[in-house]
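First to last, the sequence lines map onto chains A and B.
Heads up: the first sequence begins at 508 in this note's numbering, then just goes up one per residue.
Heads up: the second sequence begins at 508 in this note's numbering, then just goes up one per residue.
The next block holds one structure in the form of structure tokens; read it before the comments.
2 protein chains.
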Amino acid sequence: METLTLHEDARSGNCYKIRLTAALLGLPLERKSYDIMAGETRTPDFLANVNGNGRIPVLQVGNRRLPESNAACWYLAEGSALISADPWDRADMLRWMFWEQYNHEPNIATLRFWLAIVGEGNLTELQRAQLPAKRAAGEDALALMDAHLAAREWFVGGQTSLADIALYAYTHVSEEGGFRLRDYAHVRTWLDRVAALPGFIPMD
Amino acid sequence: METLTLHEDARSGNCYKIRLTAALLGLPLERKSYDIMAGETRTPDFLANVNGNGRIPVLQVGNRRLPESNAACWYLAEGSALISADPWDRADMLRWMFWEQYNHEPNIATLRFWLAIVGEGNLTELQRAQLPAKRAAGEDALALMDAHLAAREWFVGGQTSLADIALYAYTHVSEEGGFRLRDYAHVRTWLDRVAALPGFIPMD
């Protein structure tokens, strides 16, 4: 395989997903760090040469660049057991990955970013006004996960898949955004299950 | 293939994506309608039997149910030319589909929903406060698409893929949300290209 380089900020769960996928698969990954808070992903050089969308993570494969965390995980995991060979399970895995980006990340990851990284005192008025709605939507997301995991060990098809990795990334640090994982017993058991996988690496 | 039923609201671009994918592939699709505005996707019956997340679309395949529009499109298109056989192109297609759900839909589709369906006079104070940021983010999304399409006919790999279908759905009705497509010449040409595909069906 060509050299794999991850353009990342180590505090980002979206970046961690890709490192965790690579670790579980035993793939070596070079890392190039950017400080989101210092605007390092919005420079003309970054926009022209790494990602015109001004965001990390970007997975670089040789000279090609792939933005979007879940797409990068997919690229690394193609042909591995982290993507089921069953068409229904594969689509259902993507269902949870799209759900993660639409219903989970914008609430759970954003509250962590705002409260633990930006700092509540530094939020804009508009950000502050959005806190209650994002809190409620984040709780709904955790409750949906908890209900789903009540009768299952993994999100899809009885085996570890990218759906688990994508959802682990920001769920396991959700308390930094003020969520209480003790309210979600099935989620906590599943987090322990992910952390016990052979090859697992922690976020930091 | 088992009977395919789409649980939908005909005004939703996310639902239209699935109908358009099925049409391009010549797959028959039964339709079951819900009125989002009347709360028909939040009833106890819907939450228990269709989608615990309270959202449409849901693609029903026999007795199994698949939420998330882009996952449903993937399920229908597996093995077809709408998903490239090349691993890079497949991941790059997913990249645009994840980008659509994270950067495009929450801005461009939400403004259309708020302004053309809910009505500006019925918005909450918090929704109204978010209009400028969503307007700017939606313009950024259209500009990124326009730049990408300046040198390409299709989003990925020189052929029509699910990335085009996913992005077509809300882009072609973005003027209902107050965006001006005349500012994006490459996007307009691409919209015409999609609408000329054999088997294409319009949204209504």
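Think of the CB as a built atom: it goes at the ideal place given N, C-alpha and C, for glycine as much as any other residue.
Check your understanding: Whose C-beta lies closer than 7 Å to the C-beta of Thr512 (chain A) among residues of the same chain, with five residues either side of it excluded?
Key -> Numbered from 1 along the first sequence, position 5 holds the residue referred to as residue 512 (chain A). Cβ within range, chain order: Glu537, Lys539, Gln567.
Check your understanding: Taking the alpha helix (DSSP H) that Pro594 (chain A) falls in, what are its first and last residues?
Key -> One-based indexing of the first sequence puts residue 594 (chain A) at position 87. Counting along the chain, the alpha helix (DSSP H) containing Pro594 (chain A) begins and ends at 594-606.
Check your understanding: Under a CB-based cut-off of 9 Å, is Val557 (chain B) close to chain A?
Key -> For this step, residue 557 (chain B) is matched to residue 50 along the second sequence. Closer than 9 Å: no.
Check your understanding: Is it the case that the Cβ atoms of Ser668 (chain B) and Met600 (chain B) are separated by a distance below 9 Å?
Key -> Here the question's residue 668 (chain B) lines up with position 161 in the second sequence. Here the question's residue 600 (chain B) lines up with position 93 in the second sequence. For Ser668 (chain B) and Met600 (chain B), yes; Cβs fall inside 9 Å.
**Study point:** Members of the region 572-593 of chain B that neighbour chain A once the beta carbon cut-off is set at 7 Å
**Key:** Leu573, Pro574, Glu575, Asn577, Ala578, Trp581, Tyr582, Glu585
**Study point:** First through last residue of the alpha helix (DSSP H) which encompasses Ser576 (chain A)
**Key:** The residue given as residue 576 (chain A) occupies position 69 in the first sequence. Ser576 (chain A) -> alpha helix (DSSP H) spans 576-584.
Check your understanding: Taking Leu704 (chain A) as the reference, which of A:Cys522, A:Asn521, A:Gly533 has the closest Cα?
Key -> The residue you call residue 704 (chain A) lines up with position 197 of the first sequence. It is A:Gly533 whose Cα lies nearest to the Cα of Leu704 (chain A).
Check your understanding: What distance in whole Å lies between the Cβ atoms of Tyr677 (chain B) and Glu585 (chain B), which are believed to be in contact at a cut-off of 8 Å?
Key -> In the second sequence, the residue the question calls residue 585 (chain B) occupies position 78. In the second sequence, the residue the question calls residue 677 (chain B) occupies position 170. With a Cβ gap of about 23 Å, Glu585 (chain B) and Tyr677 (chain B) do not count as contacting.
Review point. Closer than 9 Å, Cβ to any Cβ of chain A: which residues of the region 610-623 of chain B, in chain order?
Key: Asn610, Glu612, Pro613
Point to revise | Any chain A beta carbon closer than 9 Å to Phe686 (chain B) | key: Walking along the second sequence from the start, residue 686 (chain B) turns up at place 179. So, not an interface residue.
Review point. For Ile672 (chain A) versus Leu589 (chain A), is the C-beta distance shorter than 9 Å?
Key: Counting from 1 along the first sequence, the entry for residue 672 (chain A) is found at position 165. Counting from 1 along the first sequence, the entry for residue 589 (chain A) is found at position 82. In this structure, Leu589 (chain A) lies closer than 9 Å to Ile672 (chain A) by Cβ.
**Study point:** Cβ of Ala692 (chain A) within 9 Å of any chain B Cβ
**Key:** For the purposes of this step, residue 692 (chain A) is taken as residue 185 along the first sequence, with counting starting at 1. False, the Cβ-Cβ gap to chain B never drops below 9 Å.
Exercise for review: Mind listing the chain A neighbours of Asp599 (chain B)? Cutoff is C-beta to C-beta under 8 Å, in chain order.
Suggested key: Numbered from its first residue, the second sequence carries residue 599 (chain B) at position 92. Correct list: Leu573, Ala578.
Exercise for review: Report the residue from B:Met604, B:Arg687, B:Lys641 whose alpha carbon sits nearest the alpha carbon of Ser576 (chain B).
Suggested key: Counting from one through the second sequence, the residue named residue 576 (chain B) turns up at place 69. Nearest option by C-alpha distance: B:Met604.
Check your understanding: Since His514 (chain B) is in the beta strand (DSSP E), which residue starts that stretch and which ends it?
Key -> Sequence index remark: in the second sequence, residue 514 (chain B) carries index 7 (1-based). First-last of the beta strand (DSSP E) with His514 (chain B): 511-515.
Check your understanding: Can you find a C-beta in chain B that's less than 9 Å from the C-beta of Arg689 (chain A)?
Key -> Indexing the first sequence from 1 puts residue 689 (chain A) at position 182. No, because no Cβ of chain B sits closer than 9 Å to the Cβ of Arg689 (chain A).
Point to revise | Any non-hydrogen atom of the ligand PLP closer than 8 Å to Leu511 (chain A) Cβ | key: What this structure holds is no ligand at all, so the ligand PLP is not there to describe.
Point to revise | Residue from B:Glu607, B:Leu649, B:Glu683 with nearest C-alpha to Arg619 (chain B) | key: Within the second sequence, the letter at position 112 stands for residue 619 (chain B). It is B:Glu683.
Check your understanding: By the criterion of Cβ-Cβ separation under 8 Å, what are the contact partners of Gln637 (chain A) in chain B?
Key -> To locate residue 637 (chain A), count along the first sequence from 1; it is residue 130. Here the neighbours are Leu633, Gln637.
Exercise for review: With 9 Å as the threshold, decide whether the Cβ of Ala703 (chain B) is near any Cβ in chain A.
Suggested key: Residue 703 (chain B) sits at position 196 when you count from the first residue of the second sequence. Chain A contact via Cβ: absent.
Practice item. May I have the straight-line CA-CA distance separating Leu688 (chain A) from Glu509 (chain A), to the nearest angstrom? Key: As a first step, residue 688 (chain A) must be located in the first sequence, where it is residue number 181. As a first step, residue 509 (chain A) must be located in the first sequence, where it is residue number 2. The straight-line gap from Cα to Cα measures roughly 39 Å.
Practice item. Kindly indicate the opening and closing residues of the beta strand (DSSP E) around Val625 (chain B). Key: Locating residue 625 (chain B) in the second sequence gives position 118, counting from the first residue. Here Val625 (chain B) belongs to no beta strand (DSSP E), and DSSP marks it neither H nor E.
Exercise for review: Return helix, strand or coil for Ser499 (chain B), following the three-state DSSP convention.
Suggested key: The structure shown has nothing for residue 499 (chain B), since chain B only spans 508 to 711.
Review point. For the region 658-670 of chain A, which residues have a CB atom closer than 9 Å to at least one CB atom of chain B, in sequence order?
Key: none
Review point. For chain A, is any of its Cβ atoms less than 9 Å away from the one on Trp697 (chain B)?
Key: The count along the second sequence starts at 1 and reaches residue 697 (chain B) at position 190. No, no contact with chain A.
Review point. Between Phe605 (chain B) and chain A, is there a C-beta pair that is closer than 9 Å?
Key: The count along the second sequence starts at 1 and reaches residue 605 (chain B) at position 98. Closer than 9 Å: yes.
Exercise for review: Take the Cβ of Met544 (chain A) as the centre, count every other Cβ of all protein chains shown within 10 Å, and call the residue buried at 16 or more, exposed below.
Suggested key: Residue mapping note: residue 544 (chain A) aligns to position 37 of the first sequence, counting from 1. Flag for Met544 (chain A) reads exposed.
Check your understanding: Alpha carbon to alpha carbon, what distance is there between Ser591 (chain A) and Glu632 (chain B)?
Key -> Translated into the one-based positions of the second sequence, residue 632 (chain B) becomes position 125. Translated into the one-based positions of the first sequence, residue 591 (chain A) becomes position 84. Going from the Cα of Glu632 (chain B) to the Cα of Ser591 (chain A) covers about 45 Å.
Review point. Between the beta-carbon of Gly520 (chain B) and the beta-carbon of Val680 (chain B), is there less than 9 Å?
Key: The count along the second sequence starts at 1 and reaches residue 520 (chain B) at position 13. The count along the second sequence starts at 1 and reaches residue 680 (chain B) at position 173. Yes; because the gap between Cβ atoms is below 9 Å, this pair is in contact.
Review point. Along chain E, in chain order, which residues have C-beta atoms closer than 7 Å to that of Gln608 (chain B)?
Key: The chain inventory of the structure shown lacks chain E, comprising the protein chains A and B.
**Study point:** Contacts around His514 (chain B), its chain only, beta-carbon distance under 7 Å, and the 5 residues preceding and following it disregarded
**Key:** Position 7 of the second sequence, counting from 1, holds the residue named residue 514 (chain B). Once the five neighbours on either side are set aside, the close Cβ partners of His514 (chain B) are Lys539, Tyr541, Val557, Ile563, Pro564, Val565, Gln567.
Review point. In its own chain, which residues sit with a C-beta less than 8 Å from the C-beta of Lys641 (chain B), not counting the 5 before and 5 after it?
Key: The sequence position of residue 641 (chain B) within the second sequence is 134, counting from 1. Correct list, in chain order: Pro613, Asn614, Thr617, Leu618.
**Study point:** Proximal chain A residues relative to Ala640 (chain B), where beta-carbon distance stays under 8 Å
**Key:** As a working note, residue 640 (chain B) is residue 133 in the second sequence. Near Ala640 (chain B) (Cβ distances below 8 Å), the residues of chain A are Leu633.
Point to revise | Interface partners of Arg602 (chain A) on chain B, CB under 7 Å | key: In the first sequence, the residue the question calls residue 602 (chain A) occupies position 95. Residues of chain B passing the Cβ test: Leu573, Pro574, Glu575, Ala578.
Review point. Which ranges does the alpha helix (DSSP H) cover as unbroken runs of at least 4 residues, wholly within the region 639-695 of chain A, from first to last along the chain?
Key: 669-678
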